[in-house]
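Take a look at the structure set out below.
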Amino acid sequence: MTGWEFKTMVTAQRQDERGHWIALQETHFYAEGGGQPADAGTIADEAVHDVQQVDGVVWHLLERPLEVGTAVTAQVDVATRRDHSIQHTAQHVLTAILEDRYGIETLSFGIGTDDASIEIGTHAFDWAQIEQLEQDVATVIYENRPIHIRQLDVSEVDQTKLRKPTDRTGVIRIVEVEGLDYNACGGTHVASTGQLGFVHVTALKKVRGNVRLTYVAGRRAIRETQSARTALRTVHQTLSTTNETVAARVLEERNARIEREKEVKALEARVAKAKVAAFLQEDNYVITHIGKTEGETLTTMIIERIAATGRIAVGANHTAQKLILMHDGTHDIAIGKFLKRTLDDLGIGRGGGSHKQAQARFESVLDLEKATAEVVKRLQEGVVSC
Ligand SMILES: [Zn+2]
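So the sequence shown is numbered by the working numbering: it starts at 847 and just counts up by one.
Set out below in structure tokens:
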């Protein structure tokens, strides 16, 4: 059985934009609260999408309505409950250690789909401290401390041991991690710290002047370390590195790439200069440059240099299927409007621009060539209305 099964009866139902909510005579579903998400499961074979407690009534969200008075069999999904209990109990342990050994208070807590997080009241916490914290948590896990849940009248509660004082009256649910934590809590927990398996911090982020620790526990921690290992293996195989050498190697690669980019830029500038010098041998009013294999940055560089000499520059880049028009601002042609009108007449490409520069993209090189030819023809013939 994957679920924890119980039989009961529908006692109320209501509907809103999320679906149909039903209340049961008796329920074992945990309603979202205290940072812990709702349980999953089924009621009369219908999936339970959410569980919320409103004014003491626990409502279960289903896709279809169930009539009041219907006898139903319900199943709480044990794997989800267990996972939530593990993440939540891990929070008790983290919070207790952080407070008792580091003097740092936990301000908030939440369980997400992939990980859980706590916001802690400190502006500085580093990875060396995280590693020590993980070791401290591991010790508590190995000690396999029992966790007791007791319903106590407030008069029976040891107020001096309570992690947070309570002003509640009547019966209080006390959760005690033996020798570590004594807390009023309505969440779900595992029976002993050994069941947490492994608690692993995945991220450390500054938020609102505090620090948010993101962590995973139990099977989530196993999945997380497996995924990190897969990523790292790919890096190691590609760069022939080990855990010890990878950081230095990645920095080296990055620096080499920055150097190469500088070299490429310098080469592009030389190529652009040479090409433009050749173009300027011709005394044309319009100069067209077709870049069939070069990158977009080189085409742009060449076009900018031609435009700077006072000509109208037309550049076609086949790789990006892009047309670039430019002049130095001394011409009367509003190049953006001119390009847009030409494209509209041809019924291809999308683009436009300002008075002195414009660009357009095309769905094929054929369209680009067609548009380039028409643009050049109109510019040379002076068919330009502005
Ligand atoms: Zn709890």
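We put the CB at the ideal spot given by N, CA and C, even for glycine.
Keep in mind the model is a prediction, meaning the values are calculated, not measured.
- Whose beta carbon lies closer than 6 Å to any heavy atom of ligand 1, going through the chain in order? A distance filter of 6 Å between CB atoms and the heavy atoms of ligand 1 selects the following residues in sequence order: H934, H938, V1021, C1031, G1033, H1035.
- Message: Just to check my reading of the structure: G1171 and Q1127 have Cβ atoms closer than 8 Å, yes? What is that Cβ distance to the nearest angstrom?
- Response: Position 325 of the sequence shown, counted from the first residue, corresponds to residue 1171. Position 281 of the sequence shown, counted from the first residue, corresponds to residue 1127. Reading off the sequence, residue 1171 comes out as Leu, not Gly. So it is not a contact: roughly 22 Å between Cβ atoms.
- Message: Assuming A962 is part of the beta strand (DSSP E), what are its boundary residues?
- Response: On the sequence shown, position 116 is the one that residue 962 refers to. Counting along the chain, the unbroken beta strand (DSSP E) around A962 starts and ends at 962-966.
- By how many angstroms is the C-alpha of L1059 removed from the C-alpha of A884? The residue labelled residue 884 in the question sits at position 38 within the sequence shown. The residue labelled residue 1059 in the question sits at position 213 within the sequence shown. In this structure, the alpha-carbon of A884 lies about 22 Å from that of L1059.
- Task: Please say whether H1046 and S931 have beta carbons closer to each other than 8 Å?
- Result: Numbered from its first residue, the sequence shown carries residue 931 at position 85. Numbered from its first residue, the sequence shown carries residue 1046 at position 200. No, they are not a contact pair.
- Message: Can you tell me whether K1051 is helix, strand or coil according to DSSP?
- Response: By one-based count along the sequence shown, residue 1051 stands at place 205. In the structure shown, K1051 sits in a strand (DSSP, three-state: E or B).
- Ignore the nearest five residues each way along the sequence and tell me which others in V1017's own chain have a CB closer than 8 Å to its CB. Counted from its first residue, the sequence shown places residue 1017 at position 171. The residues are Q997, L998, D999, V1000.
- Task: Work out the CA separation of D982 and T854 for me, nearest whole Å.
- Result: Within the sequence shown, residue 854 is the residue found at index 8, counting from 1. Within the sequence shown, residue 982 is the residue found at index 136, counting from 1. One alpha carbon belongs to T854, the other to D982, and they sit about 44 Å apart.
- Pull up the distance between the alpha-carbon of E1140 and that of H1164, whole angstroms please. Taking the sequence shown and counting its residues from 1, one reaches residue 1140 at position 294. Taking the sequence shown and counting its residues from 1, one reaches residue 1164 at position 318. If you draw a straight line from the Cα of E1140 to the Cα of H1164, it is about 8 Å long.
- Item | Among E989, D896, K1138, I950, nearest to G879 - alpha-carbon criterion | One-based indexing of the sequence shown puts residue 879 at position 33. The candidate whose alpha carbon is nearest that of G879 is D896.
- Task: Pick out whichever of V914, K1111, I1148 has its Cα sitting closest to the Cα of F1125.
- Result: Residue mapping note: residue 1125 aligns to position 279 of the sequence shown, counting from 1. Closest by alpha carbon: I1148.
- Message: According to DSSP, simplified to helix, strand and coil, what is H938?
- Response: As a working mapping, residue 938 is identified with position 92 in the sequence shown. Reduced to three states, the DSSP call for H938 is helix.
- Are the beta-carbon atoms of C1031 and V1023 separated by less than 8 Å? Start at 1 with the first residue of the sequence shown, and residue 1031 comes out as number 185. Start at 1 with the first residue of the sequence shown, and residue 1023 comes out as number 177. The Cβ atoms of C1031 and V1023 do not sit closer than 8 Å to each other.
- Sheet register partners of L870 (DSSP bridge): Looking up residue 870 in the sequence shown gives position 24. V856.
- Message: Using a Cβ-Cβ cutoff of less than 6 Å, which residues in the same chain neighbour A917 once the five nearest sequence positions on both sides are dropped?
- Response: Within the sequence shown, the letter at position 71 stands for residue 917. So the qualifying residues of the chain are M855.
- Query: Which whole-angstrom value describes the C-beta separation of V1132 and V1053, a residue pair presumed to lie in contact below a C-beta threshold of 8 Å?
  - Reply: Sequence index remark: in the sequence shown, residue 1132 carries index 286 (1-based). Sequence index remark: in the sequence shown, residue 1053 carries index 207 (1-based). Contact check for V1132 and V1053: beta-carbon distance about 57 Å, past the 8 Å limit, so the pair fails to qualify.
- Give every residue of the same chain whose Cβ lies closer than 6 Å to the Cβ of W850, excluding the five residues on either side of it in the sequence, and list them in chain order. The sequence position of residue 850 within the sequence shown is 4, counting from 1. Take W850, set aside five residues on each side of it, and the residues of its chain with a beta-carbon closer than 6 Å to its own are V922, V924, in chain order.
- Could you have a look at S1200 and say whether DSSP puts it in helix, strand or coil? As a first step, residue 1200 must be located in the sequence shown, where it is residue number 354. DSSP places S1200 outside both helix and strand once states are collapsed to three, so it counts as coil.
- Task: Mark G1228 as exposed unless 16 or more other C-beta atoms lie within 10 angstroms of its C-beta, in which case mark it buried.
- Result: Within the sequence shown, residue 1228 is the residue found at index 382, counting from 1. Exposed, by the Cβ-count rule.
- Go ahead and pull the three-state DSSP assignment for S1210. Translated into the one-based positions of the sequence shown, residue 1210 becomes position 364. Assigned with DSSP and collapsed to three states, S1210 falls in coil, not helix or strand.
- Item | Limits of the alpha helix (DSSP H) - the one that D1191 falls within | In the sequence shown, the residue the question calls residue 1191 occupies position 345. Segment 1181-1192, the alpha helix (DSSP H) holding D1191.
- Message: What residue range does the alpha helix (DSSP H) around E1107 cover?
- Response: Position 261 of the sequence shown, counted from the start, is the residue given in the question as residue 1107. Start and end: 1092-1125.
- Query: Count the other CB atoms within 10 Å of the CB of E892; is the residue buried (16 or more) or exposed (fewer)?
  - Reply: Locating residue 892 in the sequence shown gives position 46, where the first residue counts as 1. E892 comes out buried.
- Do you know offhand how far E1215's Cα is from N1130's? The count along the sequence shown starts at 1 and reaches residue 1215 at position 369. The count along the sequence shown starts at 1 and reaches residue 1130 at position 284. Distance between the alpha carbons of E1215 and N1130: 20 Å.
- Under the three-state DSSP convention, the category Y1028 falls into: In the sequence shown, counting from the first residue as 1, residue 1028 sits at position 182. DSSP places Y1028 in strand when its eight states are reduced to three.
- Taking L1078 as the reference, give the member of G1040, N1089, W867, R1069 with the closest Cα. Position 232 of the sequence shown, counted from the start, is the residue given in the question as residue 1078. Scanning G1040, N1089, W867, R1069 for the CA closest to the CA of L1078 turns up N1089.
- Test: L1185 CB closer than 8 Å to a CB of chain B: Annotation note: the requested chain B is absent from the structure, which comprises a single protein chain.
- Item | Neighbourhood of E913 by C-beta distance below 8 Å, restricted to the same chain and skipping five residues each side | On the sequence shown, residue 913 is found 67 positions in, with the first residue counted as 1. Hits under 8 Å: V856, Q859.
- Item | Own chain, CB closer than 8 Å to P911, minus 5 neighbours either side, in chain order | Taking the first residue of the sequence shown as position 1, residue 911 is located at position 65. Apart from sequence neighbours up to five positions away, the residues of its chain that approach P911 with a beta-carbon distance below 8 Å are Q859, Q861, H866, I868, ordered along the chain.
- Helix, strand or coil for I1170 per DSSP? Sequence index remark: in the sequence shown, residue 1170 carries index 324 (1-based). In this structure, I1170 counts as strand in the three-state DSSP scheme.
- Query: Can you round the beta-carbon distance between A962 and Q978 to whole angstroms, since I take them to be within the 8 Å contact cut?
  - Reply: Translated into the one-based positions of the sequence shown, residue 962 becomes position 116. Translated into the one-based positions of the sequence shown, residue 978 becomes position 132. Contact between A962 and Q978 is ruled out by a C-beta separation of about 20 Å, above the 8 Å threshold.
- Task: With DSSP as the reference, please indicate the residues paired to V1021 in a beta bridge.
- Result: Within the sequence shown, residue 1021 is the residue found at index 175, counting from 1. Answer is I995, N1029, bridged to V1021.
- Is the distance from the Cβ of A890 to the Cβ of T919 below 8 Å? As a first step, residue 890 is located in the sequence shown; it is residue number 44 there, counting from the start. As a first step, residue 919 is located in the sequence shown; it is residue number 73 there, counting from the start. Yes. Within cutoff.
- Separation of G1197 from R1065, as counted between CA atoms: Your numbering for residue 1065 matches position 219 in the sequence shown. Your numbering for residue 1197 matches position 351 in the sequence shown. Linking R1065 to G1197 through their CA atoms gives a straight-line distance of about 52 Å.
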